[in-house]
Amino acid sequence: MTLRGDTPEEVIVLGSGTSHGVPMIGCDCRVCTSADPRDRRTRTSLFVRTAGVRILIDTSPELRLQCVAHGIKMVDVVLYTHHHADHVVGLDDLRRFNWLMRTHMVVRGTVETLERVRRMFPYAFADDADYPSAKPSLVMEPISDVPFQVGAATVLPIPMMHGKLPVLGFRFGRFAYCTDCNFIPAESLDRLKGLDVLILDALRRRPHPTHFNLEQAVEMAQRIGAERTYFTHIAHELGHEETNADLPDGMALSCDGLTLTFD
Ligand SMILES: [Zn+2]
Ligand SMILES: [Zn+2]
Ligand SMILES: [Zn+2]
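Residue 341 is where the sequence shown starts when you use my numbering, and the numbers rise one by one after that.
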């Protein structure tokens, strides 16, 4: 085991869309009406299988649909990148894993993130449920910027900024996942050296106060220098095929269902 952790056996992009999803409600633009299935994006979320541990990163509003679509039947732990609604509000669907796994779900994030999640879902932490499965059974375990274990897997947190909000990316061996960010400090860039695959936030072409736009994301991806970089948290302004045609070699938009395996 190295400090940077074990490289996953499998990574599945469960959702690659920005907070509104694509298509957006009430939008008739070219991408929202596209027939290309890769232009349909649920909210950002990731599944990682590593060292025999099944990790869900964030609980998007479409968690149930994502798990059904991509055959996710077991999750051992949930890691939160931050508390924004598009990353959290599917939390109630964790009840199903309580049932399937016959145990509570361990939920990990920074102290601040976990506190915000607790305030968003007071019923999940109250003792007044009518029957046991009426609320998810969760055990919160805080993490910081130091490497931590999830079962046999070592995970390296990547502290980043999302506007003014500190958030975490996560590195698993030669793979790293960095969504919802527009600044990566030098110490975190050090933690991103020697990657086979990076998944990085790239919202749209126009600038945004809390997300990398495509130009900034490409620049950051070049700086990090992973062999392959996929972009995520994508808004309706970026059509899958036309955007990919313009991107440098080794970079592409991700899409829902994109599955990565590592040798
Ligand atoms: Zn987000
Ligand atoms: Zn649109
Ligand atoms: Zn966010």
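The C-beta atom is built at its ideal place from N, Cα and C for all residues, glycine as well.
Nothing here was measured: the structure is a model prediction, and the numbers come from that model.
Where residue i falls, given that 16 or more other Cβ within 10 Å makes a residue buried
i    : result
R370 : exposed
G579 : buried
I539 : buried
C595 : buried
T342 : Annotation note: pLDDT 48 at T342 (below 50); position unreliable, coordinate value reported separately. Exposed, because fewer than 16 other Cβ atoms sit within 10 Å of the Cβ of T342.
Q406 : buried
A516 : buried
K475 : buried
T583 : buried
C367 : exposed
G430 : buried
R381 : buried
M560 : buried
I395 : buried
I365 : exposed
R531 : buried
V486 : exposed
Sequence-distant residues of the same chain with beta carbon closer than 6 Å to residue i, five excluded per side
i    : result
D508 : Just to set this straight, residue 508 is Leu in the shown sequence, not Asp. T421 and P497.
A575 : T358, L543 and R544
R435 : S473 and P476
D426 : S359 and R383
V451 : P482
D433 : L403 and R404
F461 : L431
M480 : V447 and L454
D416 : V393 and R394
Where the alpha helix (DSSP H) containing residue i begins and where it ends
i    : result
D586 : H580 to D586
A409 : L403 to A409
H427 : A425 to V428
R436 : L434 to M441
A526 : A526 to D530
T453 : V451 to M460
beta-carbon residue i near ligand 2 non-hydrogen atom, thresh 6 Å
i    : result
H576 : yes
M460 : no
C595 : no
C518 : no
Beta-carbon proximity list for residue i, same chain, < 8 Å, skipping 5 on both sides
i    : result
R563 : L529
H548 : N522
R604 : Beyond the ends of the chain as shown, which are 341 and 603, falls residue 604; an answer cannot be given.
Beta-carbon contacts of residue i that lie in its chain and below 7 Å, excluding the five residues immediately before and after
i    : result
D346 : T390, A391, A493, T494, F512 and G513
F523 : M500 and M501
D379 : V362, V371, G579 and H580
A557 : L540, D541, A542 and F571
Limits of the beta strand (DSSP E) - the one that residue i falls within
i    : result
M560 : From DSSP, M560 is part of no beta strand (DSSP E) but of the alpha helix (DSSP H) over L554 to I564.
L478 : L478 to P482
D541 : V537 to D541
G534 : Per DSSP, G534 belongs to no beta strand (DSSP E) and is neither H nor E.
S385 : S385 to T390
Distance cut-off 6 Å: residue i Cβ against heavy atoms of ligand 1
i    : result
S359 : yes
D536 : no
D376 : no
D426 : yes
Sequence-ordered residues whose beta carbon comes within less than 6 Å of a heavy atom of ligand 3: H422, H424, H502 and D520
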